[in-house]
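Numbering (the UniProt record's numbering), first residue to last: 1 to 546.
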Ligand code: 16G
Ligand code: MG
């Protein structure tokens, strides 16, 4: 073993050395920074994925992507056996391995093996996937070399969306009970359920089976194109920003959500239903121009409420006894939470930002719908719920209406990629619900009106001086900041604001909502100034958003 680790260190030092002392941390979405600073990290994460696979005796995934970030950035995250994010205790181990000095690589590896009771040589199998960034192939090779250096086996899926990789990992680790671990398996599972739900009437009421899609010039555009072969003509998706331009540049779900404006290169006519994916296709937002030509955004909150409402209806109609819960973060628009409580009558939970928190909380419900306002989310069904739905769908002795609703629920489970938020699967889910309700985009939007809101960033000397509690809704440190925020908020009608350190960028984020856009801007600005003052702001003093 010593010999093997020694050779692995040698290859690491020669081919993928750590070139600077710069500290790097496994954050909310793995490691993410300039691609050129990541080669040693990728090699080491290959090693770590193999170790994790040996420990769990299961397939582990390595996804190379920086999601919605610009092209010079890249990143890597590990996918655990059930398709979920890497366990928190291993994030610490990942950070330690990534930052080990070149000459300490071998000893750090030995220590990880020993502390986690891992015997090297046990079969390790790692699935590797990457997004379309120019830096991704080289980084993927570094990861593959890392895996092989400790005798792990690799399946390289090439360019795939993040949720596809999660899907493949889950399929293989469930002995294919969840599906076939390849692209064909993914496309055919989702598309056959989608087509069966749609039937032969592609349009219904105000719903028309065509939409415009902004592919963010990323992997989602490629995969949607390939998907169209399977979907046939039951839905017409016109793809813009389909890969000729720069990844995420002036387009993509993050751009649309944060700037609240349409992507470039997409003609938008009044009433046309349009959607944006992000760079690795795990986020989705919708938008349209209303009859006055105003840009209207339908974000993750709108998707969550639409989907939860539909699932609740089907559960009721089928007569199965299952509870539905909805999980949000502090970023959820206040109007959405009010609508869920007062109109939908669905239990709602709030958790800190980051997919792992939402996913785990959602698993506590029979049927858990989770979405971040930024458009990342999915629906998870407990095994008992899946069994109940399956039985009701197969039970022909049920009254026809109940059985039909159960059959729809059963099919709906296959449209959904339960392993993680998946923009393409979510898009087909939204389209299914709109089709079933006979709704156009305006009817969907009419459920509730978002409170105007604003997000700002503040640069501070050390963002970790901001500590939060209560699912990031309150700030416990630095002392006095929360009471200042409280008194600012109190001046605004329907005001709400919170601050939190970003998990992906070196900034503090400020969120504010109020009764008008001008007030939301003003509230965000006043809070940003307080953060700057009390948390050691650096650089320019925050200015009022334009
Ligand atoms: C990451 C998270 C996303 C979260 C975002 C917040 C995962 C896979 N992704 O992209 O869920 O919304 O970070 O970023 O967990 P921030 O901490 O910079 O605001
Ligand atoms: Mg993403």
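Where is the CB? At the ideal position from N, CA and C, for every residue including glycine.
Contact test: residue i Cβ vs the ligand 16G heavy atom, cutoff 8 angstroms
i, result
"residue 453", "no"
"residue 527", "no"
"residue 67", "yes"
"residue 401", "no"
"residue 332", "no"
"residue 449", "no"
"residue 354", "yes"
"residue 502", "yes"
"residue 45", "no"
"residue 28", "yes"
"residue 133", "no"
"residue 257", "no"
"residue 413", "no"
"residue 321", "no"
"residue 85", "yes"
"residue 130", "no"
"residue 505", "yes"
"residue 198", "no"
For residue i: DSSP bridge partner residues
i, result
"residue 455", "511"
"residue 474", "469"
"residue 501", "508"
"residue 142", "Residue 142 is not bridged to any residue."
"residue 156", "128"
"residue 378", "370"
"residue 296", "288"
"residue 236", "210"
"residue 85", "79"
"residue 204", "207"
heavy atom of the ligand MG below 8 angstroms from residue i C-beta
i, result
"residue 281", "yes"
"residue 378", "no"
"residue 278", "yes"
"residue 39", "no"
"residue 33", "no"
"residue 174", "no"
"residue 162", "yes"
Local conformation of residue i per DSSP, three classes
i, result
"residue 129", "strand"
"residue 60", "strand"
"residue 20", "coil"
"residue 328", "strand"
"residue 448", "coil"
"residue 365", "coil"
"residue 266", "coil"
"residue 251", "coil"
"residue 273", "coil"
"residue 492", "coil"
"residue 225", "helix"
"residue 398", "coil"
"residue 73", "strand"
"residue 34", "strand"
"residue 348", "strand"
"residue 587", "Nothing about residue 587 can be reported from this structure: the residues present for the chain run from 1 to 546 only."
"residue 120", "strand"
"residue 460", "strand"
"residue 537", "strand"
"residue 414", "helix"
"residue 430", "helix"
"residue 528", "helix"
"residue 320", "coil"
Distance between beta carbons of residue j and residue i, contact taken as under 8 angstroms
i, j, result
"residue 520", "residue 290", "In fact, because the Cβ distance is near 20 angstroms, the residues do not count as touching under 8 angstroms."
"residue 359", "residue 283", "That belief does not hold up - the Cβ atoms of residue 359 and residue 283 are roughly 15 angstroms apart, past 8 angstroms."
"residue 276", "residue 332", "Contact flag wrong, Cβ pair sits at about 19 angstroms."
"residue 33", "residue 70", "So it is not a contact: roughly 12 angstroms between Cβ atoms."
"residue 129", "residue 160", "4 angstroms"
"residue 280", "residue 67", "5 angstroms"
"residue 317", "residue 402", "7 angstroms"
"residue 410", "residue 389", "5 angstroms"
"residue 455", "residue 500", "With a Cβ gap of about 11 angstroms, residue 455 and residue 500 do not count as contacting."
Q: Examine the Cβ distances between the region 350-360 and the region 396-414 and report whether three or more of them are shorter than 8 angstroms.
A: no
Q. Does the region 35-49 come close enough to the region 252-266 that 3 or more CB-CB pairs lie under 8 angstroms?
A. no
Q. Do three or more CB pairs link the region 461-468 to the region 229-236 at distances below 8 angstroms?
A. no
Q: Determine, using beta-carbon pairs with one atom in the region 19-39 and one in the region 87-95, whether at least three such pairs fall under 8 angstroms.
A: yes
Q: Could you tell me whether the region 327-341 touches the region 438-454, using the rule of 3 or more Cβ pairs below 8 angstroms?
A: A contact between stretches requires three or more CB pairs, one per stretch, nearer than 8 angstroms, and the region 327-341 meets this requirement with the region 438-454.
Q: Check whether the region 164-178 touches the region 419-431, taking contact to mean three or more Cβ pairs, one atom from each stretch, closer than 8 angstroms.
A: yes
Q. Counting Cβ pairs closer than 8 angstroms, one from the region 68-86 and one from the region 181-196, do we hit at least three?
A. no
Q: Tell me, please, whether the region 49-64 touches the region 514-534 by the rule of three or more beta-carbon pairs shorter than 8 angstroms.
A: Proximity of the region 49-64 to the region 514-534 falls short of the contact definition, fewer than three beta-carbon pairs being nearer than 8 angstroms.
(Q) Assess contact between the region 231-247 and the region 290-309, defined as three or more Cβ pairs (one per stretch) separated by less than 8 angstroms. Is contact present? (A) no
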